[in-house]
């Protein structure tokens with residue numbers, strides 16, 4: 001699979017490495033850009049700060065969003081993404097260790113497309129990432145790009 005950038009929002013280096021290994025094992029060859037906190041995520045998406053100069057027309061095909069992030073948590077990132085026409089239609093899969101009902105409900109209320117709890121078992125995690133890739137990168141029909 002190769003079409004579109006995946007934005008991985010993950011502050012834990014071990015989880016980042018596991019996710020990248022799972023993509024590799026599932027032959028998901030899309031470019032993966034990694035950001036490590038909520039502020040950097042918004043800077044990336046809105047081409048500001050450290051990501052000023054990034055091509056704004058090249059938005060990710062998929063955002064994998066952790067909730068427990070430094071500086072600005074994942075729910076705040078999701079809220080800002082859904083309030084802005086430039087990012088409101090980007091598919092967002094919350095990929096987190098949190099299984100708190102409040103986080104699940106809040107994620108969906110704020111416009112998450114899916115909520116997946118990270119399996120602790122690596123084999124299950126590889127399977128979950130493979131299914132994510134097949135669905136969101138191959139089967140899902142994304143809306144056409146529009147410029148505000």
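Residue numbers (my numbering): 1 to 148.
Positions of the beta carbon are idealized from the N, C-alpha and C atoms, including for glycine.
No experiment lies behind these values; they were computed from the predicted model shown.
The DSSP assignment places 74-83, 101-109, 122-132 as complete runs of the alpha helix (DSSP H) inside the region 59-144, in order along the chain (cut-off: 4 residues).
Cβ contact annotation for residue 50 (same chain, cutoff 6 Å, sequence separation greater than five): 43, in chain order.
In this structure, the beta-carbon distance from residue 90 to residue 60 falls below 8 Å. Across the structure, residue 7 and residue 46 are spaced so that their CA atoms are roughly 13 Å apart. Between residue 78 and residue 110, the gap from beta carbon to beta carbon is short of 8 Å.
Around the beta carbon of residue 9, a 10 Å sphere encloses 16 or more other beta carbons of the protein chains shown; the residue is thus reported as buried.
For residue 33, the enclosing beta strand (DSSP E) has its first and last residue at 32-35. For the pair residue 118 and residue 97, the Cα-to-Cα distance works out to about 5 Å. The shortest CA-to-CA distance from residue 54 to any of 65, 116, 139, 41 is the one to 41. Between the region 128-139 and the region 99-109 there are fewer than three C-beta pairs closer than 8 Å, too few to call the two in contact.
Between residue 25 and the set 140, 124, 141, 112, the nearest pair of CA atoms involves 124.
Within the same chain, 18 come within 7 Å of residue 122 by CB-CB distance, once the 5 residues on both sides are set aside.
When secondary structure is reduced to three states using DSSP, residue 9 falls in the strand class.
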